[in-house]
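Below: one structure, written as structure tokens.
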Amino acid sequence: MSDVAIKVENLSKLYRIGVEHQKSDTFVSNLVKLFTAPISNFKRIKNLSNFKDITDDPSIFAALSDINFEVKKGEILAIAGHNGAGKSTLLKILSRITEPTSGQIEINGRVSSLLEVGTGFHPELTGRENIYMNGTILGMRKKEIDRKLDEIIAFSGISKHIDTPVKFYSSGMKVRLGFSVAAHLEPEILIIDEVLAVGDVAFQKKCLGKMDDVAHSGKTILFVSHNMQAVRALCNSGLLLKGGTVFYRGSVEETTILYDKTLREQDFTNLAELTSSDKRRGLGTARFNAIDLVDSVGSVRNYYDYKEDIILKARVKIFEDMPTLFFSWMLRSGYSGEPVASSLKHKIGNNLKAGEEFEFEIKFQNILRPGEYPVYFWLGDASLNPIDVIDGITPPLVITSKMGIEVIGFDPSVNSGVITLEKI
């Protein structure tokens, strides 16, 4: 009998994305496009899933490209990589949620997975009904699920809400139930994507303990996390993805070292590129023209350890005279999308004149748990009308080690404040 649990060969996943088309300057050209656009759009729709001739095609995005690796039975594999590396796409393919564009996958064993919040749950069904539905999908008989039911409910800690429809659950409750179902329904292969990004510290430790129990029972685990301490403690091998390709496959120690190194090499947001994107909006009478994440010695970086100081630096330019201007910022969980930290409105000044520029720094101590946190910036007037809003700079803030507390209702008056605000 083969000792291989998962074998991936030449795996690729391609998507077609929207591209900006050349604009016409003449009336005649625009008139011609008015009549030819429906035909062009029809051709694009027909080619959405056609990837036969993709040479230099700007509409093709390779989420994964020529991935090859094996996972032995009983192996506990850490899958690491920064935002956009292809981790979630790979796990969705291995979980049979997404089809690959090309390549082959061989899976020997029953797979149970916990990916995005609420994945695998029907919102109209109760928690109890969803347990039975998931067990049935895994091929379990009702008697087998009955035998595990009490243990699943007890581990999740949501027994009072188990007969409530899942659509009324918070993201934390969904993750609690989702992990409990995935870990207790006797999978031979367990796939976990950032389960530690939601839930309190006690539940995180409980999850790691359960995963350790599953691992010691000879099961295979694929584990994605930004918590390198948890990765080192739990996993016995690693796979590092970078740009949709396998950057490294080997020891977990080397994987974590190279992961930290790749974080330092990321390019930061070009604000000019955000001007016409859906990540930037507002009246535009004032604009952010520089944003950086830096550490206590002024080095630009986006990765931080627990209790390390994080400094947000930004520069604002005024384009039209205005009576006053305010700014604010927010962090969201990259896993659940929920706000986890934010500031009060800070006033930049009164009677502002076109051409003036201001620079400010905000400092706060990191008490966030490991994970990715997109950073949002806001400029607005006294009536809260948005003047410049940036929905997440690139790359996101990354917390890499130790266990923190994902704070909802962050108090900026205690934890952060404007260090400097000056006209330049």
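Going by this note's numbering, the first residue of the sequence shown is number 921, and it counts up by one from there.
Here a beta-carbon is modelled for each residue, glycine too, at the ideal position from N, C-alpha and C.
Runs of the alpha helix (DSSP H) lying entirely within the region 1114-1160 and spanning at least 4 residues, in chain order: 1121-1136, 1148-1154. Membership of V924 in the beta strand (DSSP E) is indicated by the continuous run 924-936. Under the three-state reduction of DSSP, E1049 is assigned to helix. R1201 and P1316 do not touch by the CB rule: their CB atoms are close to 19 Å apart, not below 8 Å.
Counting C-beta pairs with one atom in each stretch, the region 1007-1024 and the region 1042-1049 have fewer than three that are closer than 8 Å, which means they do not touch.
The beta carbon of A1102 sits closer than 6 Å to the beta carbons of S1032, L1034 from its chain, once the five residues preceding and following it are set aside; these are given in chain order.
Cβ-Cβ separation between T1165 and S985: approximately 5 Å, consistent with a contact (criterion under 8 Å).
Annotation: R1289 is outside any beta strand (DSSP E) and is labelled neither H nor E by DSSP. D1212 is bridged by DSSP to K1233.
The region 1238-1294 is shown to contain no whole alpha helix (DSSP H) run of 4 or more residues.
Of the candidates D1229, I987, A925, the residue whose Cα lies closest to the Cα of K933 is I987. Contact check between the region 1072-1082 and the region 990-1003: fewer than three CB pairs, one atom from each, fall below 8 Å, which does not count as touching.
The continuous alpha helix (DSSP H) containing K1068 extends over residues 1062-1076.
Under the three-state reduction of DSSP, S1022 is assigned to strand. Only residues of its own chain outside the window of five on either side were considered, and among them L1154 have a CB closer than 7 Å to the CB of D1132, listed in chain order. Scanning R1252, K1181, E1258, T1182 for the CA closest to the CA of S1090 turns up E1258. Taking every protein chain shown into account, the CB of I1344 has fewer than 16 other CB atoms within 10 angstroms, so this residue is exposed.
C-alpha of V1318 to C-alpha of K1181: approximately 13 Å in a straight line. N1028 sits in coil when the DSSP states are folded into three classes, being neither helix nor strand.
Taking all protein chains shown into account, V1260 has 16 or more neighbouring C-beta atoms within 10 Å of its C-beta and is therefore buried. Rounded to whole angstroms, the Cβ separation of Y1224 and R1252 is 16 Å, and the two are not in contact under 8 Å. Here I1310 is not near K1233, since their CB atoms are 8 Å or more apart. Here the alpha carbons of F1208 and K1283 stand approximately 18 Å from one another. Under the three-state reduction of DSSP, G1170 is assigned to strand. The C-beta separation of I1238 from G1204 comes to about 11 Å, leaving the pair out of contact by the 8 Å criterion. Excluding five sequence positions before and after K1265, the CB atoms of its chain that fall closer than 7 Å to its own CB belong to F1246, S1248, given in chain order. T1175 is positioned such that its CB atom lies no closer than 8 Å to that of L1161. If you draw a straight line from the Cα of K1068 to the Cα of A982, it is about 41 Å long. Around the beta carbon of T1320, 16 or more other beta carbons sit within 10 angstroms, so the residue counts as buried. In this chain, L1304 is not harboured by any beta strand (DSSP E), its DSSP state being neither H nor E. Within the model, the alpha-carbon separation for D923 versus E1026 is close to 12 Å. Taking C-beta separations shorter than 6 Å and ignoring five residues to either side along the sequence, the partners of N1156 in its chain run I996, following chain order. DSSP lists no beta-bridge partner residue for P1315. Going by beta carbons, V1134 and I1141 fall inside the 8 Å limit. Assignment of beta-bridge partners to I996 by DSSP yields I1141.
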